[in-house]
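Only one structure is covered here, and it is reproduced in the block below.
Protein chains in written order, with our numbering: chain F, 19 to 509; chain C, 43 to 819.
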């Protein structure tokens with residue numbers, strides 16, 4: 019049975035299909051097997067696109083992080099109901115009337131400070147995106163001061179077609195530095211303890227969903243059920259349901275497995291659990307690979323970064339995933355597990371063809387290993403729009419150079435240039451052993467043109483991709499020589 | 043009413059709100075999720091949901107349709123095709139051509155072919171995918187070039203002419219000609235198209251629609267079913283955004299839902315989800331522009347010859363008026379001198395393009411702004427200098443190419459103030475210096491004006507009605523023909539009503555726009571919402587007030603001059619009484635406390651035969667300065683700073699007006715930059731969801747964004763001498779495009795005019811950069 023708190027009410031879902039989205043559940047559109055209504059009538063949360071791209075459906079999910087209750091935004095339109103297990107779900111309806119201490123709470127209609135700020139700054143026009151913006155602001159407001167993301171980063175996944183955003187920035191800034199003083203903050207200890215009793219650290223079979231408690235249990239389950247779909251962040255899987263109208267009858271969740279959520283700093287490498295989210299990844303990457311970390315701010319939106327996982331980005335094997343080229347340029351490797359069998363393969367050998375990988379039936383990505391040896395990694399994400407856009411080209415370049423100005427080792431990895439994220443082998447060969455100069459650059463560019471014939475699609479033409487990829491290599495050369503030639507800094 | 047409301051408690055509160063920048067009337071509902079959109083309304087016990095099946099061919103005859111799998115989908119209750127439409131099959135708003143459901147032939151990919159009703163939204167969606175349609179393909183026309191080459195038009199062309207452009211250009215010192223194009227634009231209203239129809243007794247229908255034009259929805263629903271208009275009520279409380287996309291194209295889902303409701307006898311809701319919405323509905327018109335201009339060494343225009351070709355898509359919809367408006371605005375703010383402007387209306391096999399904020403105006407202005415920049419580069423003058431020189435004069439050089447005199451010209455003042463407040467000249471120098479020492483990153487700067495004609499060019503639409511009720515507790519209800527799509531029309535009209543009765547805003551309730559309260563209304567479009575409906579509401583208030591004054595004269599023995607209304611009080615000579623008490627006295631003395639109001643815009647006319655007249659009551663103006671940095675390795679760019687000064691007349695609500703200006707600018711910037719519609723070779727729209735179609739996000743907002751209102755009262759007799767503000771700021775976004783071209787041109791030391799069509803995507807910018815670099819080698 020899937021159990022979660024909706025605000026402070028315990029919800030037990032028994033007879034609703036696991037591939038029901040949180041949004042359908044909230045808005046009363048979920049289909050149930052029994053006659054009794056199992057869904058809510060919370061229509062404050064809106065459907066704008068049903069693909070996780072507009073943010074109108076933004077809700078907030080509270081979950082334990084250590085001894086803290088962490089509030090994160092999520093796109094309810096593509097989130098599947100089982101992903102709420104053991105969590106607290108808050109929607110726009112929950113906020114008004116919570117700003118004052120309980121004994122003094124006599125006015126349910128009194129707006130929450132984030133709501134009031136939006137009203138005060140004329141932050142709504144047509145109002146359809148507003149509930150989502152309220153929830154993004156709420157989550158931002160609840161971030162501990164040391165962890166406050168940039169306002170633009172926090173709201174980048176909430177499209178507004180009316181205001182031009184200025185009043186939203188003003189509203190957000192008027193809230194900055196304010197310690198939240200609302201019911202949710204005051205009751206955090208109680209909420210945490212309620213969530214801990216729900217979670218009960220045991221495997222939970224839902225209606226078509228399996229939530230393993232340990233990695234061993236998960237590995238076994240997957241061998242026995244190779245047809246089960248793995249639900250990690252669900253930011254891609256949800257689209258199968260909402261856009262392809264596919265029915266998913268067997269789901270297995272991995273976010274509850276502690277060992278897939280950990281990050282270890284070992285002697286010469288980082289070992290990252292495959293279910294670590296982009297957002298949780300950022301601090302450690304900032305320490306070792308700041309360019310990688312900065313690029314993450316432009317991967318999807320905050321809602322996506324809160325949910326999406328590194329393992330998912332690799333496992334999907336999309337040619338336009340943002341992390342694989344970077345991981346390729348860093349010589350990352352993967353721990354793949356099948357039952358009790360573990361193997362480690364370089365990422366370079368993982369991607370076989372369009373959406374085809376080395377993963378065998380019943381096998382999964384357990385951990386990602388990134389060497390932390392010295393590097394000169396630079397990451398260039400090129401897209402039509404700055405924020406929340408899929409890369410036209412993503413170039414991750416990492417050259418090792420000797421004191422006499424020669425390239426001793428070359429890694430040039432590209433996304434959006436082929437059916438898979440891949441290294442530019444020929445280009446790397448040209449670069450290795452060559453001096454860092456214009457002549458080498460020209461030859462390397464020629465090699466890129468020789469070994470890639472990218473496709474033309476909705477994002478860009480083949481020619482642009484190729485010219486831009488060559489120019490990004492040129493940029494790398496310029497940057498190594500100390501010239502600052504970037505406006506699109508990721509940070 | 044036997045017993046009147048007790049006013050004792052009411053009189054103690056009654057907050058005074060003299061604040062002109064009143065909050066949006068729904069702000070508290072928006073932020074709490076309590077504002078009801080159509081999909082949020084509670085569903086009925088026997089509720090059905092509609093879905094439609096879309097064409098997969100750009101142009102084809104339908105040979106057969108097999109619905110077997112559709113019917114086999116659980117939950118399906120009804121399936122309809124064009125054959126099941128009892129009344130009109132064509133819902134074209136002005137001219138025929140818009141089949142509600144394809145009738146034997148499809149004209150674009152995404153065209154609705156049939157509709158289903160099912161017990162859930164999901165079931166309807168699923169079922170609608172399962173029909174097997176056999177097509178016999180026909181030749182398709184894709185793109186303006188092909189349409190022009192094959193003389194494929196939805197309407198005849200139209201020409202506006204002043205003087206002899208050919209001769210003037212021939213005699214000029216310098217000549218320039220060129221060609222460019224602009225893409226369309228998806229409205230991306232956050233709430234997609236939706237309607238919900240409830241069948242009532244005696245064949246009546248209540249239609250909840252997310253439409254900017256409830257009267258047209260009422261009419262079309264009645265026509266497709268074949269019943270009189272008085273059987274149908276169209277009801278619009280609010281839209282989750284419109285931008286023109288719900289002016290004509292909200293009617294189809296309402297008609298489909300109505301047909302299915304009549305067929306099944308059950309309430310039917312039709313919510314079109316995002317991808318189907320983007321595939322099936324029209325967008326802003328793409329245009330191709332060709333021009334030849336003659337000018338002197340000072341950059342002054344001697345004559346222009348402009349050919350505009352707009353892509354109507356497969357049917358006329360509003361294209362005639364849209365191309366006309368593009369032509370009317372091909373001068374933007376400049377005196378063209380001798381001019382010939384011809385406008386073509388191309389038929390292509392895509393969705394029927396429709397109204398979008400600016401309604402052709404933006405497309406018309408683009409080309410003359412490009413011309414200004416290109417003249418500057420030919421003459422070595424600064425683009426701002428060329429623009430200022432060519433502005434319409436105050437006392438002379440002030441007749442447009444459609445022979446309307448430009449009166450009350452504020453362009454010189456607006457630009458003068460803005461060039462100073464934005465430090466234009468100092469920044470121009472700084473940018474030149476920066477570009478000299480920066481090999482890869484190049485900065486650009488541009489100031490562009492906007493002069494936008496206010497009034498529907500279809501004269502009969504310039505009318506509005508309102509209905510005001512004063513109740514016996516002193517509260518007031520106002521209803522008018524305008525719809526609320528976020529622009530703040532309701533609050534502005536409420537402010538007008540409160541002001542007319544001298545009462546606080548809290549006394550005034552605006553109710554949903556319904557065709558049974560105010561009939562025969564015009565669309566809320568052409569920026570005219572407040573101008574028209576505000577005046578109609580004022581008229582209704584004044585009628586009631588006149589009755590109240592007459593009553594006061596008779597009942598209290600005062601003269602008319604001694605009666606006044608303010609601060610929730612009525613002054614009667616020496617005496618003063620609370621508004622509500624006075625209203626009760628009037629009621630008891632049998633004074634009518636309700637009135638309709640009406641307004642029609644004076645002075646306007648346009649003769650299409652002679653292409654001359656006064657189509658616009660007045661012009662709303664503004665200007666913006668944008669500074670950008672372009673990355674010449676990738677074509678990426680950033681908008682670093684924007685300064686705007688915009689003319690709103692005497693603002694009714696400065697906060698709401700500022701919201702329109704900022705929102706309009708960002709939407710315009712999106713059209714100029716990242717919003718790219720892409721079709722494949724078969725005519726299928728590839729950018730059909732927000733993952734592939736990119737409107738600006740908060741991260742695209744310029745880090746420095748200075749917006750000021752130019753508040754000189756409108757000399758024309760508009761409502762409190764305000765000016766319309768809905769569309770004009772959209773075109774302020776042009777300065778971003780001009781600044782990008784300026785930056786790229788710096789690579790040639792401002793000698794070359796970069797060919798960067800709209801939208802200036804990074805790819806287009808890099809292509810222009812590459813071509814300049816190659817030419818330099």
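Glycine residues also receive a C-beta, built at the ideal position from the N, C-alpha and C atoms.
CB contact check: residue i to chain C, cutoff 8 Å
i, result
"residue 489/F", "yes"
"residue 485/F", "yes"
"residue 182/F", "yes"
"residue 89/F", "no"
"residue 37/F", "no"
"residue 297/F", "no"
For residue i, three-class secondary structure by DSSP
i, result
"residue 349/F", "coil"
"residue 645/C", "coil"
"residue 34/F", "strand"
"residue 767/C", "coil"
"residue 720/C", "coil"
"residue 481/F", "helix"
"residue 133/F", "helix"
"residue 106/C", "strand"
"residue 394/C", "coil"
"residue 121/F", "The predicted position of residue 121/F is uncertain, since its pLDDT is 49 and thus under 50; no value can be drawn from it."
"residue 412/C", "helix"
"residue 498/F", "helix"
"residue 311/C", "strand"
"residue 232/F", "coil"
Contacts of residue i in chain F (Cβ-Cβ under 7 Å)
i, result
"residue 231/C", "179"
"residue 805/C", "478, 479 and 482"
"residue 79/C", "146"
"residue 163/C", "47"
Minimum Cβ-Cβ distance from residue i to chain F less than 8 Å
i, result
"residue 740/C", "yes"
"residue 316/C", "yes"
"residue 172/C", "no"
"residue 475/C", "no"
"residue 716/C", "yes"
"residue 732/C", "yes"
Listed by chain order, chain F residues near residue i by CB distance under 9 Å
i, result
"residue 704/C", "181, 182, 183, 184 and 185"
"residue 808/C", "482, 485, 486 and 489"
Among the options, nearest to residue i - alpha-carbon criterion
i, options, result
"residue 103/C", "65/C, 144/C, 114/C and 586/C", "144/C"
"residue 445/C", "474/C, 373/C, 463/C and 403/C", "373/C"
"residue 205/C", "565/C, 393/C, 230/C and 383/C", "383/C"
"residue 782/C", "794/C, 194/C and 488/C", "488/C"
Chain C residues whose Cβ lies nearer than 7 Å to that of residue i
i, result
"residue 493/F", "675"
"residue 142/F", "66, 69, 72 and 73"
Within chain F, the residues that residue i reaches when beta carbons sit closer than 8 Å
i, result
"residue 311/C", "Near residue 311/C there are no residues of chain F at all, since even the closest Cβ is about 11 Å away, more than 8 Å."
**Message:** Any C-beta of chain A within less than 7 Å: which residues of the segment 406 to 429 of chain F qualify?
**Reply:** As a matter of chain content, chain A is missing from the structure shown, whose protein chains are F and C.
**Asked** Within the chosen definition, does the segment 259 to 273 of chain C reach the segment 213 to 227 of chain C through at least 3 CB pairs nearer than 8 Å?
**Response** no
**Request:** Would you check if the segment 174 to 191 of chain C and the segment 332 to 340 of chain C touch, i.e. whether three or more CB-CB distances between them fall below 8 Å?
**Result:** no
**Item:** Any 3 or more C-beta pairs closer than 8 Å across the segment 154 to 173 of chain F and the segment 308 to 327 of chain F
**Value:** yes
**Three or more C-beta pairs below 8 Å linking the segment 565 to 581 of chain C and the segment 626 to 643 of chain C** = yes
**Item:** Segment contact, 8 Å Cβ cut-off, at least three pairs: the segment 402 to 416 of chain C with the segment 453 to 466 of chain C
**Value:** no
**Prompt:** Would you call the segment 231 to 245 of chain C and the segment 313 to 320 of chain C touching, i.e. three or more CB-CB distances under 8 Å?
**Reply:** yes
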